[in-house]
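Asks:
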Amino acid sequence: MHCKQWIFDMDGTLTDSMVTVWENAPLALLERFGKTPEPHLHDILLPLGLRESAKYLITNYQLPLDETSYVTALREVVNQLYEQVDLKPGVRELLEHLRAEGARCCICSNTWEEQCRTVLTRLGIADYFEFYITAQGAKSKHTPDVFFEALHRLGGDDPAACAVCEDAVYSARTAHAAGFHLLTIADWCSRADEPELRQISDQFVTDWQQLDWEKI
0 MHCKQWIFDM DGTLTDSMVT VWENAPLALL ERFGKTPEPH LHDILLPLGL RESAKYLITN
60 YQLPLDETSY VTALREVVNQ LYEQVDLKPG VRELLEHLRA EGARCCICSN TWEEQCRTVL
120 TRLGIADYFE FYITAQGAKS KHTPDVFFEA LHRLGGDDPA ACAVCEDAVY SARTAHAAGF
180 HLLTIADWCS RADEPELRQI SDQFVTDWQQ LDWEKI
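The working numbering numbers the first residue of the sequence shown as 0 and each following residue consecutively.
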């Protein structure tokens, strides 16, 4: 196994939370204020970070919130929804294999760090990750800087020897273009992007147990 550094997204990659949390949270938040969501709202919000999503919803739905109060309200909704979340199939086996191989792992997620820690601690896998990076604002996954920051913090310098694990096509494009070893997993929310994900990935799986370790 030549990849000794591993950068994991959380939602949709390690956890089955894209629908449970991130499709439902904006809807629940809008419902609090008596607003009716537009069709395909999730598709609009999917490539946006937390700050950009806040601006979109506040502006387009005329919510009586500023960015700070929006985040507070959203976190209340999200905390409740995450209690229903579980790991995707094969995650525990994957992380055990990486630990046995001496790989170093981190989380790089649009979801804020403390929420990731809470979720992964409840699910019993937080100890596999050395640190967490919140990919928002200037650290958006639309640009490769956040992946290189994670790579260097993991002690690496060659993106080709670092696995990036994702489910969203926009972040997968970024990692692929920057030369990282890209592993992607199927998720209901990114089903329309599966053809492109298969094309740009070094491996695309529907279950983490399907990984071909001889190719990593």
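Each residue gets a CB set at the ideal place from its N, CA and C atoms; glycine is no exception. Bear in mind the structure is a predicted one, so any value in this text is a computation, not a measurement.
Terminal residues of the continuous beta strand (DSSP E) containing TYR169?
Replies: That residue, TYR169, is in no beta strand (DSSP E); its alpha helix (DSSP H) goes 168-176.
Asks: Using a threshold of 8 Å, state whether the C-beta atoms of ILE199 and ARG172 are closer than that.
Replies: yes
Asks: Which of the three DSSP states is assigned to ALA53 in this structure?
Replies: helix
Asks: Near VAL145, which residues of its chain fall below 8 Å by C-beta distance, leaving aside the five closest residues on each side in sequence?
Replies: CYS107, ILE132, ALA134, LYS138, SER139
Asks: How long is the line joining the alpha carbons of GLU92 and GLN208, rounded to whole angstroms?
Replies: 7 Å
Asks: Roughly how many angstroms separate the alpha carbons of VAL163 and GLY48, rounded to a whole number?
Replies: 19 Å
Asks: Taking its Cβ as the centre, do 16 or more other Cβ atoms sit within 10 Å of ALA167, making it buried, or is it exposed?
Replies: buried
Asks: Less than 8 Å between the beta carbons of ALA102 and LYS3, yes or no?
Replies: yes
Asks: I'd like to confirm the pairing. Which residues does DSSP put opposite ASP10 in its beta bridges?
Replies: Beta-bridge analysis with DSSP links ASP10 to THR14.
Asks: Taking C-alpha atoms, which residue in PHE203, PRO143, ALA72 lies nearest to SER189?
Replies: When the alpha-carbon of SER189 is set against those of PHE203, PRO143, ALA72, the nearest one is in PHE203.
Asks: Could you tell me which residues DSSP pairs with ILE184 in its beta bridges?
Replies: Answer is VAL204, bridged to ILE184.
Asks: Mind listing, in chain order, the continuous alpha helix (DSSP H) runs of no fewer than 4 residues lying wholly within the stretch 98-122?
Replies: 112-121
Asks: One question on the structure: do VAL77 and ALA24 come within less than 8 Å of each other, judged by their Cβ atoms?
Replies: In this structure, ALA24 lies closer than 8 Å to VAL77 by Cβ.
Asks: Write down the C-beta distance between LEU62 and PHE32 rounded to the nearest angstrom, noting that I regard them as a contact closer than 8 Å.
Replies: Yes, they are in contact, since the Cβ atoms of LEU62 and PHE32 sit about 6 Å apart, within 8 Å.
Asks: Does the Cβ of GLY136 have 16 or more other Cβ atoms within 10 Å, making it buried, or fewer, making it exposed?
Replies: With a threshold of 16 other beta carbon atoms within 10 Å, GLY136 falls short and is exposed.
Asks: Give the single residue among PRO38, ARG50, GLY178, GLU75 whose Cα lies nearest to the Cα of PRO143.
Replies: GLY178
Asks: Answer yes or no: do MET17 and THR110 have a C-beta to C-beta separation smaller than 8 Å?
Replies: no
Asks: Note down, one range per segment and in chain order, each alpha helix (DSSP H) of at least 4 residues found wholly within the stretch 115-165.
Replies: 144-152
Asks: By Cβ distance below 7 Å, which residues in the same chain neighbour ARG197 in space, the five residues on each side in sequence not counted?
Replies: PHE203
Asks: Would you report the Cα separation of GLY89 and ASP15, rounded to the nearest angstrom?
Replies: Rounded to the nearest whole angstrom, the C-alpha separation of GLY89 and ASP15 is 12 Å.
Asks: Taking 8 Å as the limit between beta carbons, can you name the residues of its chain near LYS54, skipping five residues before and five after?
Replies: GLU66
Asks: By how many angstroms is the C-alpha of ASP206 removed from the C-alpha of GLU195?
Replies: For GLU195 and ASP206, the distance between alpha carbons rounds to 18 Å.
Asks: Leaving out five residues before and five after LEU26 in sequence, what residues of the same chain have Cβ atoms less than 7 Å from its Cβ?
Replies: Contacts found: PRO36.
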